[in-house]
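K.L.:
If you want the working numbering, it's the position in the sequence shown, counting the first as 1, plus 390. Glycine residues also receive a C-beta, built at the ideal position from the N, C-alpha and C atoms.
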Amino acid sequence: MTVTAAQGFTAAGVTAGLKTSGTPDMAVVVNHGPSKVAAAVYTSNRCKANPVLWSEQAIKAGAASAVVINSGGANCYTGAEGFATTHQTAETAADLLGVGAIEVQVCSTGLIGLLNDRDAVLAGTRAAIEAQSAEGGRDAATAIMTTDTVAKEAVAHGDGWTVGGMAKGAGMLAPALATMLVVITTDADVDAATADAALRAATALTFDRLDSDGCQSTNDTVLLMASGASGVTPQTTAFTEAVTAVCHDLAIQLLADAEGADHEIAIEVVNAASVDDALEVGRSVARSNLFKCAIYGKDPNWGRILASVGTTQAAFDPADLDVALNGVWVCRNSGPGESPDSINLDERAVSVLIDLKSGDQSGTIWTNDLTQAYVHENSAYSS
């Protein structure tokens, strides 16, 4: 179930002293080949962290031998000194691995505006590379956690090949990608174009549809590395499906660990004129604090759903909308439907189904409720 499930990969997680808690805070994942193919998707936030600025340039060659990740500080808005730390991290890892610095991706996560202790980061990089092993996947997944309460790992198997992955993220979950760092590995023998297409198809259906709190991160990175160690070149469709399965698994784990959440909510919009319309409607509901508070209070207030639908540009007749909560059609033809009294919101899983009656397209957005615990955690994050 780890990022080292695929052949050709080692990983490690160590303590470098970046977190005041003293818990592990540096991780590496190393691709030993024979192939070093890589693809990545990064945050679309215009305010990007130094590691993203570095990695976006490095990935242009379509290859990566390793990724170095630190938690405890985002290395964002830390100026030239912060970028120098990122650069030296890549240089240090490259020297130890005998590769070029451009083959090293760098990721950071934590508080924005915090200048990480460079000596600690570089020492942690050395220690992690020295500790790397095929059994180090869980340690790596643990070391990248910030407000996460559990490590997040996933694996999918093809015919003679494997896709594995790890992720971190529990807050600021919103497109593009949600605030997360994700490393996906595979021993399938694929080229850079295939890897890139599969990754972008997967993230579009999974991480890009996760919208926990409407806040977009500066550090989002989803990296796919392919070692080719299985010697098997899968069909493109099968490979894309496996990468998507791992991404979906990790996305749902991110949602389940969202800061302070009591409910995970799937908002499915059907019979839309286009997928974009379906996603716009779903996202509008997901970003309604009124709706999210209602779910936290176990109140099946479907009027808040319709109010959010009405703020979109999607095609629909405002007088002819249907809405179901946990399978109960509480709204029919934009009026009261079945009694909401039978709806049980005690369980964590909540389903919302919105029928726009305007076409044959659909889409799902995943979110969670807005709780007192979320407000408390984020009000005290840096203090």
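Take Gln762 as the anchor and find which of Met615, Phe706, Ala684, Leu487 has the nearest alpha-carbon.
P.N.:
Nearest option by C-alpha distance: Ala684.
K.L.:
What's the C-alpha gap between Cys637 and Leu589?
P.N.:
9 Å
K.L.:
Apart from the five residues just before and just after Gln522, which ones in its own chain have a Cβ nearer than 7 Å to its Cβ?
P.N.:
Thr400, Ala401, Ala402, Val418, Val420
K.L.:
How far does the beta strand (DSSP E) with Lys558 in it extend, from its first residue to its last?
P.N.:
552-558
K.L.:
In its own chain, which residues sit with a C-beta less than 8 Å from the C-beta of Gly514, not counting the 5 before and 5 after it?
P.N.:
Val404, Thr405, Ala406, Gly407, Leu408, Asp415, Met416, Asn460
K.L.:
When you compare the CB positions of Val742 and Ile642, do they come within less than 9 Å of one another, or not?
P.N.:
no
K.L.:
In this structure, how does DSSP classify Trp444 when only helix, strand and coil are distinguished?
P.N.:
Shown here, Trp444 sits in a helix according to DSSP, grouped into three states.
K.L.:
Taking the C-alpha atoms as reference points, what is the distance between Glu670 and Arg508?
P.N.:
Near 42 Å, if we compare the C-alpha coordinates of Arg508 and Glu670.
K.L.:
Is the Cβ-Cβ distance between Thr552 and Ala616 less than 9 Å?
P.N.:
no
K.L.:
Per DSSP, Tyr467 forms a beta bridge with which residues?
P.N.:
DSSP lists no partner for Tyr467.
K.L.:
Name the residue from Ala533, Gly548, Asn758 whose alpha carbon lies nearest to the alpha carbon of Ala557.
P.N.:
Ala533
K.L.:
Residues in the same chain with beta-carbon distance under 6 Å from Lys426, minus the five sequence neighbours each way, listed in chain order, please.
P.N.:
In its chain, beyond the 5 residues on either side, Ala453, Ser455 have a beta carbon closer than 6 Å to the beta carbon of Lys426.
K.L.:
Excluding the 5 residues preceding and the 5 following Leu711 in the sequence, name in chain order all residues of the same chain whose CB lies nearer than 8 Å to its CB.
P.N.:
Leu696, Val699, Cys721, Asn723, Ser724, Ile744, Asp745, Leu746, Lys747
K.L.:
Going by DSSP, what residues sit across from Thr701 in a beta bridge?
P.N.:
Here Thr701 is not bridged, per DSSP, to any residue.
K.L.:
Taking the C-alpha atoms as reference points, what is the distance between Ala651 and Tyr686?
P.N.:
8 Å
K.L.:
Give the C-beta separation of Arg673 and Ile755 to the nearest angstrom, bearing in mind that I take them to be a contact with Cβ-Cβ under 8 Å.
P.N.:
5 Å
K.L.:
Using the C-alpha atoms, what's the distance from Glu520 back to Thr537?
P.N.:
27 Å
K.L.:
Using the C-alpha atoms, what's the distance from Gly621 back to Gly423?
P.N.:
If you draw a straight line from the Cα of Gly423 to the Cα of Gly621, it comes to about 11 Å.
K.L.:
Can you tell me whether DSSP reads Cys437 as helix, strand or coil?
P.N.:
The DSSP-derived three-state label of Cys437 is coil.
K.L.:
Assuming Ser353 and Val496 form a contact by the criterion Cβ under 8 Å, report the distance between their Cβ atoms to the nearest whole angstrom.
P.N.:
This structure cannot settle anything about residue 353, because the visible part of the chain is limited to 391 through 773.
K.L.:
Do Trp692 and Val713 have their beta-carbon atoms positioned less than 9 Å apart in this structure?
P.N.:
Yes; because the gap between Cβ atoms is below 9 Å, this pair is in contact.
K.L.:
Roughly how many angstroms separate the alpha carbons of Lys438 and Asn716, rounded to a whole number?
P.N.:
39 Å
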